[in-house]
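Position one of the sequence shown corresponds to residue 1 (this note's numbering), numbered consecutively onward.
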Amino acid sequence: MRDTIRIDAIRMHAHGGPEVLCRESIELPIPAEGEVRVRHTAVAVNFSDVNVRRGGFYRSEPERFPLIPGNEAAGIVEALGPRVTGLRPGDRVAYVGVGGPFFENTGAYAEARNVPAARLVTLPDTIGDEQAAGFLLKGLTASMIVNRVWRPKHDDTVLIHAAASGVGLVLTQWATHLGARVIGTVGSQDKANIASRHGCTHAILYRETDFVAATRAFAPKGVDAVFDGVGRDTLERSLDCARPFGAIVNYGNASGHPPPIDLMRLSRKGSLSISRPGFHHHIDDPAALHSACAELFELLKTGILEVEIGRRHALQDAASAHRDVESRSVSGSVVLLP
Ligand SMILES: NC(=O)c1ccc[n+]([C@@H]2O[C@H](COP(=O)([O-])OP(=O)(O)OC[C@H]3O[C@@H](n4cnc5c(N)ncnc54)[C@H](OP(=O)(O)O)[C@@H]3O)[C@@H](O)[C@H]2O)c1
């Protein structure tokens with residue numbers, strides 16, 4: 001029996017711009033004990049893929065090259081390693097990371113991948129492959145924030161930065177469903193229209209308008225919470241948008257790492273709280289993963305959450321997908337199609 005198969009993958013041999021992402025033919029070993037070979041049908045492009053490609057990300061150890069980026073995909077079970085139960089060839093599955101930090105142990109930009117069976121989620125018929133790949137990390141991040149960090153209540157006002165981004169759009173829909181009023185910052189009028197379609201009541205074009213003044217115009221006493229995935233360009237001034245006792249949740253750094261925050265500023269601004277949650281800490285073990293996914297699938301099925309696929313690229317055009325993400329030209333999710 002052959003102990004490898006040949007597949008195409010996107011590999012990088014050094015950090016750099018999108019041009020370091022090269023299509024190569026590689027050998028994939030047969031699945032080891034506890035692993036499943038998944039034939040990918042849709043692969044997510046996440047912002048952390050860009051950070052991994054650029055280098056300098058907060059990893060526990062430096063990347064080893066050659067490296068296949070990406071850590072989220074949907075596909076079909078193709079082969080089972082020893083001691084795998086509960087899955088059969090032909091099952092539709094998806095995964096978000098393979099354990100540990102999402103941005104480490106990557107390998108999804110490929111036609112197929114061996115994945116620990118415990119990290120696979122079986123997809124219901126109501127969810128398409130592109131939807132699953134384009135949604136799971138964003139949905140799980142929103143789930144972490146809404147269920148574990150700061151849950152919007154009826155009549156709360158929440159400021160969501162980059163409200164038309166992958167995670168921002170899920171947060172916008174979920175906060176709206178819970179009865180909160182969403183003020184969203186967005187980079188363009190197109191993005192404002194998309195965020196509004198998903199529940200954002202006040203869109204602020206923050207590249208041309210001072211978002212603190214605009215937020216205060218909509219919420220003179222300040223907002224109850226700020227959800228901030230933009231980081232460097234927004235986090236410090238987000239403190240000026242919150243009401244006393246308000247919460248700042250910084251979950252991402254799309255514009256770069258934010259500067260250190262002086263704790264005394266939180267006191268001076270009215271006993272604010274600030275948190276910096278990571279999905280891989282909150283939703284790490286398979287039980288937490290499966291229960292969070294079950295809730296997300298139900299929210300999708302009932303139409304409370306919708307997946308916005310902003311752009312699709314062929315797997316071999318991963319570099320173009322990265323250019324899209326970095327140029328802020330896309331709303332919602334970007335997927336690669338092998
Ligand atoms: N904590 C966690 O566990 C966790 C989980 C998932 C994602 N994240 C992080 O959360 C952040 C957002 O993720 P996402 O999936 O929503 O990303 P995304 O869909 O790529 O959106 C990022 C958005 O940030 C805005 N932005 C502002 N400055 C930017 C810049 N210099 N370059 C690129 N974009 C910029 C853009 O929106 P506008 O044009 O509207 O400004 C852009 O669309 C990322 O940093 C990601 O790594 C963290």
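We put the CB at the ideal spot given by N, CA and C, even for glycine.
Asked	Found
Measure from the alpha carbon of Gly-55 to the alpha carbon of each residue in Thr-85, Ile-26, Pro-18, Ile-127, then state which is nearest.	Pro-18
Taking the straight line between their C-alpha atoms, what separation do you get for His-40 and Ala-73?	6 angstroms
Reducing DSSP to helix, strand and coil, say where Phe-245 ends up.	strand
Is there contact between the region 3-11 and the region 290-303, where contact requires at least three CB pairs shorter than 8 angstroms?	no
Got a sec? Which residues, its chain only, sit under 7 angstroms from Ser-196 by beta carbon, not counting five neighbours each side?	Ala-203
Kindly indicate the opening and closing residues of the beta strand (DSSP E) around Glu-27.	22-29
Just to confirm, does Thr-141 get its C-beta within under 7 angstroms of one of the non-hydrogen atoms of ligand 1?	yes
What is the C-beta distance between Ala-32 and Asn-114, in whole angstroms, given that I count them as a contact (C-beta under 8 angstroms)?	7 angstroms
Is His-13 helix, strand or coil when you go by DSSP?	coil
If you follow the beta strand (DSSP E) that Phe-227 is part of, which residue opens it and which one closes it?	223-228
Would you mind sorting Glu-111 into buried or exposed? The rule is 16 or more other CB atoms within 10 Å of its CB.	buried
So Ala-79 and Ile-30 are supposed to be a Cβ contact under 8 angstroms. How far apart are they, rounded?	7 angstroms
If you drop the 5 nearest sequence neighbours on each side, which residues of the same chain put their C-beta closer than 6 angstroms to that of Ile-304?	His-177
Given a cut-off of 8 angstroms on the beta-carbon distance, is the pair Ile-160 and Ala-175 in contact?	yes
Of the choices Phe-102, Val-77, Arg-6, whose alpha-carbon is the least far from that of His-281?	Phe-102
Would you tell me roughly how many angstroms separate the C-alpha atoms of Arg-23 and Pro-286, rounded to the nearest one?	32 angstroms
Just the C-alpha distance for Lys-138 and Asp-224, rounded to the nearest angstrom, thanks.	22 angstroms
So what does DSSP say about Asp-317, is it helix, strand or coil?	helix
Going by Cα to Cα distance, which pick from Val-36, Ile-68, Asp-155 is closest to Pro-116?	Val-36
Take every Cβ of the region 256-270, pair it with every Cβ of the region 234-248, and state whether three or more of those distances are shorter than 8 angstroms.	yes
By the three-class DSSP mapping on this structure, what secondary structure does Asp-155 have?	coil
Whether or not the region 52-67 and the region 141-155 are in contact is what I'm after, with contact meaning three or more pairs of Cβ atoms, one per stretch, closer than 8 angstroms; do they touch?	no
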